[in-house]
Amino acid sequence: MVHTLLVTFALALGPSIQESGGAATSSREPSVGRFGAFLRETSGLAAPASVAIDEEGRAWITESHTGTVRVVASDGVEAARFVLEVVPGLPREPHGIAISPAGEVFVADAVEHAVVVIDGSALRKRTIGKRGAAPGELREPRGIAVVGGKVFVADSGNHRISVFALDGKFERALGRRGFGPGELLAPNDVAVDASGRVFVADLGNQRIVRFEADGSFGKSWGGLGPFAGLFHAPCGIAARDGRVFVADRDNHRIQVFDKDGQPDHEWGVHAVRPREGGGKLHYPSDVALAPKGDIAAVVEGLEGRVQFFGEAGSTASDPPIVDRSASAHYEGGCDVAGDLLAVLEPAGPSVSIFDLAHPTPIEITRFGRSGPSAGKFLVPADVEFDPDGKSVWISDPLLHRISQYSLTRKSDGILRFDPFMAKFVRALQLDELPGVPATPWPTEPTALEFGPDGRMYVADRANGRVLVLTPEMTFERALGSVGTGQGKLLEPTAIVVEPDESARAVDKDGRTITAGARVRVADARGRKIETWSCGWEIDECGSAASDGNRTRNLGSISIPGPSGADRRPFGMAAAGADGLWVSLEDANLVLRLDGEGRITTTLGADGVGGLGKLQWFHPQGLARAPGGSIVAIDAGNHRFQVFDAQGVFRTAWGSRLFLEPILKAK
Amino acid sequence: MSSKNLRARIAACALVLAGIAYASATSRAATQENAAAGEHAAYKTVRSNGGRYVLHVTEPEGGFVRGKPLAFDVRVLRADDPTQPATVGLLVDADMPEHLHGTNRVPRIERRADGTFRVENLYLHMPGWWEVFLDVVESPWTERAQLRVEVE
């Protein structure tokens, strides 16, 4: 049953709202000049994903981590706020938003994998699409455009644009998964101009793709890079007045093109100081234009805000040159083996290896390149040392594979950066592995974990499961299925595997051994930590052998939040004695849970991003180092923090400006 | 001779015999590999990074030089059965790790009836240290072998 909960409501939608395309698109289409003059900002948002501006200048903002649609008037005052839920306690994850001429609000929801249409009273009127891969079905819908009586949906998980009539009837799809002309890879947003041309932010291919009004492929432009006309994560798009506006997220700018991809102008200065705004940009993830074309709204998901810009004119407020003196960023998962820490640098994308045996850890190699061919990455999600610590595995959900790199340290004892330290060994296409159950979507590996038994556990976000591979890398069994109930997963982001002390067997020498593993999986979107016991039989030779019948789900634990909705766990690391360290990216917290799921240690201030010791801004991956200390990626602060098993601060390193508060405290 | 010394001598002899047997087996394997290489006089023999394959690579005419489309042959053998070419696919690329970029042309690869591969149009456009990647594709795995070459 679908619930729509109205928390506050204080507006009446007028009939004057024009068709919108990711941005509102007015039929008047007055000309606009160069943008870049900062006007105002709305901050304190919970992971804002998208924005649309109505005829009255109100900004409709989706907040993906709280299931909220917030309406902010042109003077910056909040006019309304809705919380959209799938079931009580499970908020939707709204992404794209658009408003039709009739005042209907279209919201793309990544929990139900559908577009929810609500009226001005925030009541659900109908749902467009459902989870699936068939024509008319959706997976991970992102940006939306409502133009000319049609609803265009960036059907990210199916790698296409799905087009519906306003009543929800499916009409056609544009594009398909691939790297060639007219093909798409995880399209994140869509916009339609007054002539019916469809522009797509083809995120995975780092380009913009244009389809003509008849649905045929028109052209594409872009590629990975920092210069004008190139992109680094084109996430949001708006089309108006013969121009195309692109939120070029990891280049921290908005680029403007003509309809054929010729650069017109750009604006945005990389915000290099913590929480810096006032016109400077930090990971802009969506852009929308007001119906009059005089205001551009820019969403910054990481910073939890929307900034509004006006025309720059020809005064001193012209857009300055983008400052690209960015420091390193680290995201996703991480792992520790001995003195080595492996982390992902999404800007490469690449993998960095740090030597932890120094007061300030030192980066000793970096490897990987962007691309779909063997040994390269598109969007790496996790990195994991193999049990002997001599190689690392990297998951890449968009390429459906895991890759192994060997690491060879120089033996001369001289400390130096070594570009030849890592060597690509091999890659495994998971869906080609014999025995892997067929699913509607190819496996999209995210979290990786080696168990104490040498088995590899691979989270599959597309199909809500964990694949278990033997030490010989053959398929053994799968845990879980997609859904919201017990034993089901929506978005697995981390795995912790420990021996299951309750599973005992006798080996061939008569010794009692542990013959099972306890597998705990963080499900960010499902807002819980799911636990399985995987037992093994002991074969005639006394070695542990798999037995799929001995897989048992042991239930789940949730972490209640102050709003009534459960928290979103992201990273995890074992804390000993059945305990777990868990990072809550959206709450800026790192918690220690005991074996029963009770919170025993809290690091950080709930919901408040901070820069001091053991304060966080979007903490992500956690890794347990020898001795029980924890390395944590403080992703939004571009730094690492290390604390011991008792939660006492040990050290931090990373970008200088984000370290200053800690350094000064010393 | 004490029984202790006798045991030591027997052990030493066993070690020598084992060594001879190992050397013989290794030599036999190498001979098999060379036989499988046939007329493809290998410029280099490389083992894949995962150890599963042995690749014989012929030298391009004039060697690995800068600014010229390079052509060479590759024969892929299984390390555990080096008697005949493995039925696999091959992808070829090149990279300069110190400069963080690759090559600017796409090599052409053709599989011949005898199981060998003909590689053409590999182009090393800059002087310096290159890694030539030979990726062996055998579902579900792709495993890399690589040559390090320096061009002036």
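In order, the protein sequences belong to chains L and R.
Taking our numbering, I'd label the letters of the first sequence as residues 1 to 666.
Taking our numbering, I'd label the letters of the second sequence as residues 1001 to 1152.
All C-beta atoms in this analysis are idealised placements derived from N, C-alpha and C, irrespective of residue type, glycine included.
* **H65 (chain L) versus A288 (chain L): straight-line alpha-carbon distance, rounded** => Using only the alpha carbons, I get a separation of about 21 Å.
* Per-residue contacts from G1050 (chain R) into chain L (C-beta, under 7 Å) -> Contact of G1050 (chain R) with chain L by beta-carbon distance below 7 Å involves V425, R426.
* Going along chain R in order, which residues have a C-beta closer than 7 Å to the C-beta of L433 (chain L)? -> Residues of chain R passing the Cβ test: P1140.
* So, is the C-beta of Q206 (chain L) closer than 8 Å to a C-beta in chain R? -> Taking CB atoms only, Q206 (chain L) has no neighbour in chain R less than 8 Å away.
* Which residues, taken in chain order from the region 1095-1119 of chain R, show a beta carbon closer than 9 Å to some beta carbon of chain L? -> Within the region 1095-1119 of chain R, those residues whose Cβ lies closer than 9 Å to any Cβ of chain L are, in chain order, D1095, P1097, E1098, L1100, H1101, G1102.
* **Through-space distance from T493 (chain L) to G157 (chain L), alpha-carbon basis** => About 17 Å.
* R461 (chain L) (DSSP reduced to helix, strand or coil) -> It is coil, neither helix nor strand.
* Proximity below 8 Å, CB of P349 (chain L) to CB of V379 (chain L) -> Contact: yes.
* Report the three-state DSSP secondary structure of G451 (chain L) (helix, strand or coil). => Per DSSP, reduced to three states, the secondary structure at G451 (chain L) is coil, with no helix or strand assignment.
* To do: For the region 496-560 of chain L, list the beta strand (DSSP E) runs that are entirely contained and at least 3 residues long, ordered along the chain.
  => Listed in chain order, they are 504-506, 512-514, 516-523, 528-538, 544-557.
* Asked: If we cut at 8 Å on Cβ distances, does Q429 (chain L) have a partner in chain R?
  -> Nearest CB-CB separation between Q429 (chain L) and chain R: below the 8 Å threshold.
* To do: Look at the alpha carbon of M105 (chain L) and the alpha carbon of T68 (chain L), and state the distance between them as a whole number of angstroms.
  => Per the sequence presented here, residue 105 (chain L) reads as Val, with Met not at that position. Taking C-alpha positions only, V105 (chain L) is separated from T68 (chain L) by approximately 13 Å.
* Would you list, in chain order, the members of the region 1052-1078 of chain R that have their beta-carbon closer than 7 Å to a beta-carbon of chain C? => This model lacks chain C altogether, as its protein chains are L and R.
* List the residues of chain R that F420 (chain L) touches, going by C-beta distances under 8 Å, in chain order. => Simply P1097.
* To do: Can you grab the Cα-Cα spacing for the pair V163 (chain L) / L45 (chain L), in whole Å?
  => If you take the alpha carbons of V163 (chain L) and L45 (chain L), they lie about 30 Å apart.
* Asked: Which word fits E530 (chain L), buried or exposed, when buried means at least 16 other C-beta atoms lie within 10 angstroms of its C-beta?
  -> Around the CB of E530 (chain L), 16 or more other CB atoms lie within 10 Å, so the residue is classed as buried.
* Asked: At what residues does the alpha helix (DSSP H) containing F665 (chain L) begin and finish?
  -> Looking at the sequence provided, one finds Ala at residue 665 (chain L) rather than Phe. For A665 (chain L), the uninterrupted alpha helix (DSSP H) run begins and ends at 656-665, by DSSP.
* To do: Go through its chain and collect everything with a Cβ distance to G571 (chain L)'s Cβ below 6 Å, but skip five positions before and after it.
  => Correct list, in chain order: A494, S583, Q620, G621, L622.
* To do: Jot down the residue ranges of each uninterrupted alpha helix (DSSP H) in the region 166-252 of chain L, minimum 4 residues, whole runs only, in chain order.
  => Look at the region 166-252 of chain L and you find no whole run of alpha helix (DSSP H) that is 4 residues long or longer.
* Apart from the five residues on each side of it in sequence, which residues of its chain come closer than 6 Å, Cβ to Cβ, to T1103 (chain R)? -> Non-local beta-carbon contacts of T1103 (chain R) in its own chain, meaning distances under 6 Å to residues more than five positions away in sequence, involve A1094, Y1123 in chain order.
* DSSP three-state assignment for G157 (chain L), whether helix, strand or coil -> Note: G157 (chain L) maps to helix in three-state DSSP.
* Cβ neighbours of T365 (chain L) in the same chain (closer than 7 Å, five flanking residues each side left out) -> Shown here for T365 (chain L): same chain residues with a beta carbon closer than 7 Å to its own, the five before and five after excluded, namely I353, F417, D418, P419, M421, A422 in chain order.
* To do: For L430 (chain L), name the three-state secondary structure that DSSP assigns.
  => When DSSP states are grouped into helix, strand and coil, L430 (chain L) belongs to the helix group.
* Asked: Residue range of the beta strand (DSSP E) that Q646 (chain L) falls in?
  -> If you look at Q646 (chain L), you'll find it isn't in any beta strand (DSSP E); DSSP assigns it neither H nor E.
* When DSSP labels each residue in this structure, what does N962 (chain R) get in the three-state scheme? -> With chain R represented from 1001 up to 1152, any question about residue 962 (chain R) goes unanswered, as that position is not in the structure.
* To do: Whole angstroms is fine: what's the gap from D431 (chain L)'s alpha carbon to V466 (chain L)'s?
  => The C-alpha of V466 (chain L) is placed about 13 Å away from the C-alpha of D431 (chain L).
* Asked: Quick one, which of R:E1131, R:V1136, R:F1117, R:R1111 has its alpha-carbon nearest L1100 (chain R)'s?
  -> Residue R:E1131 is the option with its Cα nearest to L1100 (chain R).
* Asked: Would you report the Cα separation of N637 (chain L) and L1090 (chain R), rounded to the nearest angstrom?
  -> Rounded to the nearest angstrom, the gap between the Cα atoms of N637 (chain L) and L1090 (chain R) is 43 Å.
* Asked: For E1120 (chain R) versus P1069 (chain R), is the C-beta spacing smaller than 8 Å?
  -> Yes.
* Give me the Cα-Cα distance between T470 (chain L) and R552 (chain L), rounded to the nearest whole angstrom. => Distance between T470 (chain L) and R552 (chain L), taken at the CA atoms: about 18 Å.
* Asked: When the cut-off is 8 Å and only beta carbons count, does F375 (chain L) lie next to chain R?
  -> Phe is not the amino acid found at residue 375 (chain L); the sequence shown has Gly there. True, the Cβ-Cβ gap to chain R drops below 8 Å.
* Contacts that S406 (chain L) makes with chain R (C-beta to C-beta distance below 8 Å) -> At a beta-carbon threshold of 8 Å, the residues of chain R lying near S406 (chain L) are N1049, ordered along the chain.
* Asked: So with Cβ pairs under 8 Å, would you call D1093 (chain R) a contact of chain L?
  -> It does; some Cβ of chain L falls within 8 Å.
* Compare the C-beta of D1135 (chain R) against all C-beta atoms of chain L and say whether one is closer than 8 Å. => It does: the Cβ of D1135 (chain R) has a partner Cβ on chain L nearer than 8 Å.
* Asked: Would you call T1058 (chain R) buried or exposed, if buried means 16 or more other Cβ atoms sit within 10 Å of its Cβ?
  -> Label assigned to T1058 (chain R): buried.
* Take D258 (chain L) as the anchor and find which of L:Y283, L:G229, L:R273 has the nearest alpha-carbon. => Checked all of L:Y283, L:G229, L:R273; the closest Cα to D258 (chain L) is L:G229.
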